[in-house]
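A.B. asks: Quick one: structure below, then a few questions.
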Amino acid sequence: MSHISLDGQWTLTSPQHSHIHTTCTLPGDVHSALINAELLPQPYYGCNETLIQWVGESEWLLTREFTVDKNLLDATAVDLNLSFVDTMASIYVNGTQVLSCSNMFRCYQVDILPYLQQGTNHISIALARNDIEAQRRADRLPFAVPWAVGNNQIPHMNTLRKTQCHAGWDWGICLLSTGIYNSLTLTPVYSTRLQHVRTQQTWLANGDCDVTLTIDCDILAEQTTQILEINFDKQVHTIAIDAAVKGPQTITITVTVTEPQRWWPAGYGDQPLYPLTVTLNNHTITKKLGLRELTLDTQVDAIGSAMTFVVNGHPITAKGANWIPLDALPSRQTPERYRQLLEDAVAANMNMIRVWGGGMYEHDIFYELCDELGLLVWQDLMFACALYPSTPEFLADVELEIVDQVKRLADHPALALWCGDNEVIGAIGWYDESKHNREKYVVNYDRLNRMLQQVVEQYDPSRRFWASSPCNGELDFGDAWHDDNRGDMHFWDVWHSGKSFDAYHSVKPRFCSEFGYQSWPSLPTVKTFADDEDWNVTSPTFEQHQKNGRGNSIITEMFTRYFRFPVGFANMLYLSQVQQAIAIKTASEFWRAHKQHCRGILYWQLNDCWPVSSWSSIEYTGRWKQLHHHAKRFFAPVMATFIQQPQQPLCLHVVNDHHQSMPITGKVIKVDWQGNVLETWALDTQLAPDSSEILWQSDQQLTAIAAKQVFYHVRLTCADGSVTENDHYPCLFKHAQLQQPAITVEWHQDNDAIWLELDCDYPALFVEPQLECQGRFSDSSFTLLPSHISGYKQRIYYKGECNLETLKQSLTLYHLRGSY
Ligand code: BMA
1 MSHISLDGQW TLTSPQHSHI HTTCTLPGDV HSALINAELL PQPYYGCNET LIQWVGESEW
61 LLTREFTVDK NLLDATAVDL NLSFVDTMAS IYVNGTQVLS CSNMFRCYQV DILPYLQQGT
121 NHISIALARN DIEAQRRADR LPFAVPWAVG NNQIPHMNTL RKTQCHAGWD WGICLLSTGI
181 YNSLTLTPVY STRLQHVRTQ QTWLANGDCD VTLTIDCDIL AEQTTQILEI NFDKQVHTIA
241 IDAAVKGPQT ITITVTVTEP QRWWPAGYGD QPLYPLTVTL NNHTITKKLG LRELTLDTQV
301 DAIGSAMTFV VNGHPITAKG ANWIPLDALP SRQTPERYRQ LLEDAVAANM NMIRVWGGGM
361 YEHDIFYELC DELGLLVWQD LMFACALYPS TPEFLADVEL EIVDQVKRLA DHPALALWCG
421 DNEVIGAIGW YDESKHNREK YVVNYDRLNR MLQQVVEQYD PSRRFWASSP CNGELDFGDA
481 WHDDNRGDMH FWDVWHSGKS FDAYHSVKPR FCSEFGYQSW PSLPTVKTFA DDEDWNVTSP
541 TFEQHQKNGR GNSIITEMFT RYFRFPVGFA NMLYLSQVQQ AIAIKTASEF WRAHKQHCRG
601 ILYWQLNDCW PVSSWSSIEY TGRWKQLHHH AKRFFAPVMA TFIQQPQQPL CLHVVNDHHQ
661 SMPITGKVIK VDWQGNVLET WALDTQLAPD SSEILWQSDQ QLTAIAAKQV FYHVRLTCAD
721 GSVTENDHYP CLFKHAQLQQ PAITVEWHQD NDAIWLELDC DYPALFVEPQ LECQGRFSDS
781 SFTLLPSHIS GYKQRIYYKG ECNLETLKQS LTLYHLRGSY
């Protein structure tokens with residue numbers, strides 16, 4: 001007999017709300033159950049967030065029955081397995097408490113056989129109030145430990161091992177969700193429990209790979225022998241376990257993979273995965289292993305010290321974004337949505353995702369998809385933007401959590417790095433208590449951080465532990481927001497400090513693990529949470545959906561620096577996304593061009609967990625913001641960018657991330673806003689492997705008048721057929737003499753394919769064909785040149801399920817000159 005699932009319908013009640021007696025689907029959360037029962041309004045709509053806080057301020061009880069047949073009672077043990085328990089929970093079986101949970105990140109296992117009876121059994125989960133527990137714990141701390149004021153709406157979340165952004169963040173709704181978010185299972189154990197399998201790779205001089213399996217078993221009842229079966233790389237191995245003595249036993253076996261197919265990050269090669277199964281009696285553990293070597297090079301160099309991931313002996317440029325929880329309502333974190341978002345990341349030429357420390361260690365499906373898609377994972381441990389206790393109880397609890405998570409995740413080839421926290425070193429300097437007593441709080445920090453390091457290194461010696469993000473290096477408590485010589489950097493001078501976009505040119509980070517710029521959601525997404533009377537960026541609903549205090553002012557103020565002020569709400573939304581795309585593009589292209597300095601670019605942030613104004617490149621509804629289309633271009637393996645630095649000639653930098661050389665041909669043109677080509681420079685060369693070179697430069701000093709009348713455009717075609725295009729605008733957009741273009745739109749359909757062909761009389765910038773209906777186009781926010789310049793009409797394909805008629809009615813075309 002294998003697992004028995006306790007997933008499905010449970011009964012939900014609350015001691016404080018006698019009228020509530022409904023069902024709750026587990027895995028799932030209480031809010032979602034109440035929404036389904038029409039006892040709670042949709043939390044994401046309007047200002048409903050303010051109406052639903054009572055849910056987090058209540059206790060909840062989940063109950064159900066299950067049937068046990070006689071056979072099950074013959075087992076040596078029956079394990080109840082629980083994980084993603086959010087958070088303070090007491091579990092009862094037939095009236096007896098069998099488990100008390102207090103850490104959402106633990107994987108709990110408890111033998112409940114002694115409490116089971118043949119026939120009907122009763123299980124209940126009492127969920128206590130997390131806010132009260134947080135306060136209770138804070139009251140008992142030996143000294144104040146500042147919590148994430150400004151982000152959290154509920155105090156002292158830092159004392160609880162629960163997703164920190166559940167209490168709100170500067171992009172996050174405060175729901176204080178509760179529930180159980182992973183499958184609940186009962187596993188009968190016969191004599192010996194198969195506990196855990198861990199693998200380790202050793203690469204041999206001949207290119208083969210030794211995979212050593214460490215298999216933990218627990219002998220519960222003495223037996224003569226037990227047979228373990230291992231299937232790996234088309235080999236079957238059986239091992240007889242001597243089960244004469246009770247207690248834990250560890251078995252190791254090494255399997256040699258000859259001529260292994262190596263696993264690569266996306267863009268650098270394929271992602272072959274080798275299935276592994278280990279079976280003991282009724283219990284099988286399966287894994288998919290990717291065989292690769294991965295190190296982090298932090299050698300001292302002429303600049304400071306490197307921060308370069310090296311995969312299979314090749315340095316790579318990490319390109320990607322930061323990940324926050326998929327949905328603030330955990331019931332909506334479905335495998336389909338994980339797949340969609342991660343596929344969208346790869347579609348934008350990303351190869352790394354950072355799981356940010358204010359969220360959660362993600363569900364298995366996340367890491368399985370990253371393995372499959374070639375997305376390296378920078379894994380923060382779950383601490384963010386606050387200080388944390390270092391009391392013995394807190395450390396002991398966290399230690400168990402880290403052991404559970406490292407054991408769960410260490411065999412994923414995508415996992416690249418364990419990082420101790422998000423911005424906790426920095427946070428020592430943010431709060432009054434710690435600012436004025438720095439030594440005490442640095443020691444307090446290090447007590448926790450050192451324990452994290454020791455546990456990670458013990459359970460996963462194959463990977464690097466990095467103390468914090470950002471961090472300048474080992475035991476370095478300096479300012480990694482401004483030091484670009486070593487370590488990883490969070491560069492927020494543009495968004496939070498209000499500098500202009502050219503401030504991105506003032507630093508060359510070794511690895512920028514955060515930098516971001518907000519935009520508003522697109523109109524179709526706004527319609528999902530705001531009535532038309534709230535279609536205004538300062539309406540109550542819109543302000544409820546902006547969690548960064550100065551956010552709307554920053555966006556609007558930046559409009560005035562670069563653009564002519566947009567007309568109407570829809571154009572405001574559109575322009576905010578143009579602006580965001582320009583910000584992140586400016587930084588990413590500059591840092592990629594300085595490849596000798598910079599080997600990692602992860603912008604803040606990939607996704608949204610509810611519909612909100614934020615730094616994301618993909619909206620909650622799944623719509624790609626303009627930034628995501630730009631990311632696809634600025635993260636492409638071969639990328640051309642114009643860089644203009646003060647008192648320097650305009651330079652065209654071309655970056656090649658391939659580990660092979662790449663022949664390219666194409667041209668740079670100088671065009672005026674009437675669509676006349678004034679000059680052309682042909683380019684035809686071979687890019688060196690893993691390089692960044694200046695292929696063209698202009699010494700022309702444009703007069704102030706000429707700068708408003710022209711722009712430069714480059715289009716290069718690589719030998720593999722890929723194309724990179726880019727522009728340079730010599731003056732601010734608000735000064736440029738853009739002409740109002742007439743854009744023609746033709747729809748085409750052939751079998752299943754639907755596409756648009758666009759042409760124009762005058763050049764059009766940031767052209768966004770926006771659909772009200774589902775789906776998207778293959779490209780957006782592009783420069784449209786008249787076909788007499790480019791030689792073709794711009795063709796973009798529709799990706800989605802709608803038919804041609806629906807599409808025709810649902811298209812709105814935005815472009816920069818049309819916004820004012
Ligand atoms: C970063 C993150 C988040 C935050 C973001 C935007 O530093 O770590 O805490 O949401 O900035 O302010």
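Here the UniProt record's numbering is used: the first residue of the sequence shown is 1, the next is one more, and so on.
Positions of the beta carbon are idealized from the N, C-alpha and C atoms, including for glycine.
1) Assess contact between the stretch 684 to 694 and the stretch 601 to 619, defined as three or more Cβ pairs (one per stretch) separated by less than 8 Å. Is contact present?
2) Distance check for W10 and S614, CA to CA, integer angstroms please.
3) Pick helix, strand or coil for A640, following the three-state DSSP scheme.
4) Using beta-carbon positions only, say whether residue 899 and T192 come within less than 8 Å of one another.
5) For F383, which residues from the same chain have a beta carbon less than 6 Å from its beta carbon, with the 5 sequence-adjacent residues on both sides left out?
6) Quick one: Cα of A427 to Cα of E38, how far?
7) Ignoring anything shorter than 3 residues, give me the beta strand (DSSP E) runs that lie fully in the stretch 12 to 48, in order along the chain.
8) Give me whichever residues DSSP pairs with V110 in a beta bridge.
9) In terms of alpha-carbon separation, which member of A345, L523 and T586 lies closest to S810?
10) What number of angstroms, rounded off, separates the C-alpha of C24 from the C-alpha of T256?
11) If we call anything under 8 Å between Cβ atoms a contact, is L732 one with V723?
12) To the nearest angstrom, how far is the alpha carbon of T685 from that of L369?
13) Alpha carbons only, please: which of I4, K585, D208 and A167 is nearest the one belonging to G320?
14) DSSP beta-bridge partners for R633?
15) In the stretch 402 to 475, which residue ranges form an unbroken beta strand (DSSP E) of at least 3 residues, counting only runs that do not cross its ends?
16) Using DSSP's beta-bridge definition, name the partner residues of Y814.
17) In three-state terms, what does DSSP make of W147?
18) For the beta strand (DSSP E) containing V310, list its first residue and its last residue.
19) Kindly list the residues whose CB is nearer than 7 Å to the CB of P389, restricted to its own chain and excluding five residues on each side of it in sequence; keep chain order.
20) What number of angstroms, rounded off, separates the C-alpha of H653 from the C-alpha of L296?
21) So is the beta-carbon of H490 under 7 Å away from any non-hydrogen atom of the ligand BMA?
22) With hydrogens ignored, establish whether the beta-carbon of G516 is closer than 7 Å to any heavy atom of the ligand BMA.
23) Buried or exposed, going by whether 16 or more other CB atoms sit within 10 Å of the CB of A318?
24) Suppose you measure from the CA of R64 to the CA of N182; what does that come to, to the nearest Å?
25) Can you list, in chain order, the stretches of the beta strand (DSSP E) that have 3 or more residues and sit fully within the stretch 150 to 200?
26) Taking the runs of the alpha helix (DSSP H) that are 4 residues or longer, which of them lie wholly in the stretch 493 to 543?
27) Roughly how many angstroms separate the alpha carbons of M352 and A148, rounded to a whole number?
28) For C718, which of H658, T528 and V710 has the nearest alpha-carbon?
29) When we look at the beta-carbon of L720 and count the other beta-carbons within 10 Å, is it buried (16 or more) or exposed?
30) What do you get for K287, buried or exposed, if any count of 16 or more other CB atoms within 10 angstroms of its CB means buried?
31) Using DSSP's beta-bridge definition, name the partner residues of R795.
32) Is N422 a contact residue of the ligand BMA, with contact defined as CB to any heavy atom under 7 Å?
33) Smallest Cα separation from H496: which of N548, P470, D761 and Q453?
34) Take every Cβ of the stretch 115 to 130, pair it with every Cβ of the stretch 64 to 74, and state whether three or more of those distances are shorter than 8 Å.
35) Out of curiosity, what's the CA-to-CA distance linking I555 and S519?
36) Just mark Q710 as buried or exposed, buried being the case when its beta carbon has 16 or more other beta carbons within 10 Å.
C.D. replies: By the coordinates alone:
1) no
2) 36 Å
3) strand
4) Here the chain comprises residues numbered 1 to 820, so residue 899 is not present and cannot be evaluated.
5) Closer than 6 Å at Cβ, skipping near neighbours: G357, D421 and V424.
6) Whole-angstrom Cα-Cα distance: 41 Å.
7) Here the runs fully enclosed are 17 to 26.
8) Beta-bridge pairing links V110 to L80.
9) Answer by Cα proximity: L523.
10) Roughly 48 Å separates the two Cα atoms.
11) no
12) 37 Å
13) K585
14) Answer is none; R633 lacks a bridge partner.
15) 415 to 419
16) Beta-bridge partners of Y814 (DSSP): E768.
17) coil
18) T308 to V311
19) L141, V145 and T159
20) One C-alpha to the other measures close to 27 Å.
21) yes
22) yes
23) buried
24) So the two alpha carbons sit approximately 16 Å from each other.
25) 167 to 169, 172 to 174 and 185 to 189
26) 523 to 526
27) Taking the straight line joining both Cα atoms gives about 27 Å.
28) H658
29) According to the sequence provided, residue 720 is Asp. The question's Leu does not apply to it. It is exposed - the Cβ of D720 has fewer than 16 other Cβ atoms within 10 Å.
30) buried
31) E757
32) yes
33) N548
34) yes
35) 7 Å
36) The sequence given here places Val at residue 710; Gln does not occur at that position. That one is buried.
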